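Under our numbering, the first residue of the sequence shown carries the number 75, and numbering increases by one thereafter. C-beta: ideal position from N, C-alpha, C; glycine also. All of these numbers come straight from a predicted model, not from anything done at the bench. First the structure, in the form of structure tokens, and then the observations on it.
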Amino acid sequence: MKKLTHSRIVFVLVGLVVALLAGCLPTQQPADTPSLDAVFTSAAETIVAQYTADAAANPPAIEPPTVTLTAPALVEPTHPPEPTSPPTLEPTITSTLAPTETSMPTTTSIPEAIFEDDFSDTSVWYTVQEDDYGFEYADNGYHISNDILKGAIWSLREIAFADVRLDVDVTRKAGPADGYFGVVCRFSGDGTDYYALVIGDDGFYGILKMDDGELEFLESGTDNAGIIQRGQGETNRVSGVCSGDLLTVYANDQQLLEVWDDTFSSGDIGLVAGNKLTGAGVDVLFDNFAIFRP
């Protein structure tokens with residue numbers, strides 16, 4: 075059932091009062107009949123006063139306001155933006171000169187011989203015995219003997235080279251102390267043209283040239299540094315290098331002399347033994363012969 079509002083109650087009550095009063099009043103009209111407006115006004119005032127008193131004693135219950143709880147909308151959390159990588163600064167490349175490394179000394183490699191002969195094969199070199207000279211295999215090596223005063227005797231291997239290095243061990247077995255011995259390069263003709271690179275066990279060394287049958291020392295000298303082993307029976311390793319126009323003689327791997335000459339450019343190689351003016355009869359033993367590229 076719906077509840078009556080205060081204004082509707084007032085009008086209903088006023089209507090009821092008016093009806094009751096009409097039924098109770100005599101039908102005859104009094105001399106001083108109050109006007110209907112006055113009656114309504116008085117009744118209304120009475121009813122209003124009564125209603126006001128009742129309202130004060132029993133105040134109407136005030137319905138509490140309806141509170142509607144609205145669930146807050148779920149808001150998706152906002153993720154913070156991905157951090158931006160700071161720009162990568164390219165380093166400025168400054169050219170820096172690297173310190174120069176100290177070069178290590180170069181190790182000299184031992185050259186490989188293209189031919190070696192220890193004279194164990196007795197069929198390789200020329201052999202003969204004459205009144206003034208001789209060639210023979212003996213004493214585990216190869217002998218050259220020379221009885222020609224101021225002359226040189228050679229024994230050849232007919233292998234032609236332009237540039238070559240020749241090594242051989244040499245021991246004077248007999249003869250004058252100033253005899254010499256060594257190697258031959260660029261030999262041609264019948265022995266009329268060649269170079270000889272020689273030493274003697276008295277300390278002598280030299281480079282000689284036979285040119286059209288004429289023998290001369292291009293240059294010579296005496297070893298005062300103890301490079302050459304002196305005396306009969308001492309073994310020295312003689313090395314001769316013919317490379318281009320440069321001729322170089324060594325004893326025991328130590329350089330003694332070099333000479334420039336462009337007379338001969340190529341020819342055969344061999345061994346040589348010679349005498350000077352003081353005497354003849356030199357006898358030399360050769361061993362461990364080797365040929366190298368210079």
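{"Item": "Would you call the CB atoms of leucine 321 and tryptophan 228 closer than 8 Å?", "Value": "no"}
{"Item": "Return the first residue and the last residue of the beta strand (DSSP E) that threonine 296 is part of.", "Value": "288 to 296"}
{"Item": "Could you tell me which residues DSSP pairs with glycine 307 in its beta bridges?", "Value": "According to DSSP, which records beta bridges pairwise, glycine 307 is partnered with nothing at all."}
{"Item": "What would DSSP say about alanine 354, mapped onto helix, strand or coil?", "Value": "coil"}
{"Item": "If we count the other Cβ atoms within 10 Å of its Cβ and call it buried at 16 or more, is tyrosine 279 buried or exposed?", "Value": "buried"}
{"Item": "Which same chain residues end up closer than 7 Å to lysine 224 when comparing Cβ atoms and leaving out the 5 residues on each side of it in sequence?", "Value": "Asn349, Lys350, Leu351"}
{"Item": "Could you give the uninterrupted runs of the beta strand (DSSP E) lying entirely in the region 188 to 267, keeping only those of 3 residues or more?", "Value": "189 to 191, 207 to 212, 215 to 220, 226 to 235, 238 to 248, 254 to 262"}
{"Item": "So does the region 270 to 278 actually touch the region 245 to 256, counting three or more Cβ pairs closer than 8 Å?", "Value": "yes"}
{"Item": "Check whether the region 323 to 333 touches the region 213 to 221, taking contact to mean three or more Cβ pairs, one atom from each stretch, closer than 8 Å.", "Value": "no"}
{"Item": "Measure the Cβ-Cβ separation of alanine 187 and phenylalanine 360 and say whether it is below 8 Å.", "Value": "no"}
{"Item": "Just verifying my parser: in three-state terms, what is the DSSP assignment at isoleucine 302?", "Value": "coil"}
{"Item": "Do you know offhand how far aspartate 275's Cα is from aspartate 252's?", "Value": "7 Å"}
{"Item": "What would DSSP say about asparagine 349, mapped onto helix, strand or coil?", "Value": "coil"}
{"Item": "I need the boundaries of the beta strand (DSSP E) containing glycine 277, first residue and last residue.", "Value": "Glycine 277 -> no beta strand (DSSP E), and no H or E assigned at all."}
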